[in-house]
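Counting along the sequence shown from 1, when you hit position 11 you're at 51 in this note's numbering, and nothing is skipped either side.
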Amino acid sequence: MTLPAAILFDMDGTLTDSEQIWFRAETELFQDLGKDFNFDMAKEVIGMSIVDSTSYLAQIAGGDISPQEIQDRLLEKVTTVAARDGLPWRPGAYELLELAQNLDIPTALVTSSFLSFAQYAIDRAPKGTLTIAVTGDRVPQGKPHPLPYLMAASELGVDINQCMAFEDSIPGLTSAYRSGAVTIGIPFQVELPRFDGAVFIESLVEVDEDFLHENMGSR
């Protein structure tokens, strides 16, 4: 039986329950502009690159604020919350990182969030895990492009086709699948379309050593 050469994780909504922090920051930003914002709007940007999401938010704000200003203000808001409260783990996330460490499987973070925000998850992860972080401010093309996952595998020195990737969004799932990684979808805030070639679970709690073996078996 085969274990993954590496496990690659999305952050917001997959490893950490941080989508709520982004939603709160987006809502506050729109309130500052005197405009309404709701969760249906927020769902449109889940998993998007920062460039794409801020462009979308600037558009629905009616041109009253630039994408760059949205980016700067949102990052300030979310990092302030993360510094104060930390980033809560999704069920099973910390335990899966520990399992990977115990099995000597390297792990990486592949996220659209910038490093200034992602660092709060990296710092709280089990020591020796998430040794590589491909963040939104490092890549010229973000999710749904496969480049973020390809970069993570390259920096870990492993074949992407021997990696397993966990994602909770449509752009993220597309990015992971197109990269060639064994792709695991975990619906959270948005419904994920089922398709052949990916595996779908309800929670990271379901992932144990047997799961890793079974889902790498076809590679």
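Note that beta-carbon positions come from the ideal geometry of N, C-alpha and C, so glycine has one too.
query                                                                                                                                                                                : result
Give every residue of the same chain whose Cβ lies closer than 7 Å to the Cβ of A45, excluding the five residues on either side of it in the sequence, and list them in chain order. : V198, D199, Q202 and C203
I think P184 touches P227, with their Cβ atoms under 8 Å apart; what is that distance to the nearest whole Å?                                                                        : Wrong, their Cβ atoms sit about 17 Å apart, outside the cutoff.
Which of the three DSSP states is assigned to V239 in this structure?                                                                                                                : strand
Keeping to the same chain, check which residues put their C-beta closer than 8 Å to that of Q71; ignore five residues upstream and five downstream.                                  : F77
Taking S243 and G53 to be in contact with their CB atoms under 8 Å, please state how far apart those CB atoms are, rounded to whole angstroms.                                       : No, S243 and G53 are not in contact; Cβ-Cβ is about 12 Å, not under 8 Å.
Out of P188, I61, S219 and A221, which has the shortest C-alpha to C-alpha gap to L115?                                                                                              : I61
So for L244, helix, strand or coil by DSSP?                                                                                                                                          : helix
Determine the closest residue to V150 out of E254, I224, E207 and V230, with distance taken between C-alpha atoms.                                                                   : E207
Look up M204 in the DSSP assignment and give the residues it is bridged to.                                                                                                          : I47 and V222
Look at the Cβ atom of I47, then the Cβ atom of I145, and state whether they are nearer than 8 Å.                                                                                    : yes
For R234, I'd like the list of residues in its chain whose CB is within less than 7 Å of its CB, leaving aside the five on either flank, ordered along the chain.                    : F240
Where D177 and L155 are concerned, what is the direct C-alpha to C-alpha distance, given to the nearest angstrom?                                                                    : 7 Å
Please name the residue or residues paired with I172 in a DSSP beta bridge.                                                                                                          : A148
In three-state DSSP terms, what is D52?                                                                                                                                              : strand
Buried or exposed, going by whether 16 or more other CB atoms sit within 10 Å of the CB of F49?                                                                                      : buried
Provide the residue span of the alpha helix (DSSP H) that contains F251, from first to last.                                                                                         : E249 to M256
Beta carbon of S106, beta carbon of G182: below 8 Å?                                                                                                                                 : no
Of all the options S58, L143, A161 and L69, which has the alpha carbon lying nearest to the alpha carbon of D250?                                                                    : L143
Rounded to the nearest angstrom, what separates K117 and A65 at their Cα positions?                                                                                                  : 6 Å
Residue range of the alpha helix (DSSP H) that T119 falls in?                                                                                                                        : P107 to D125
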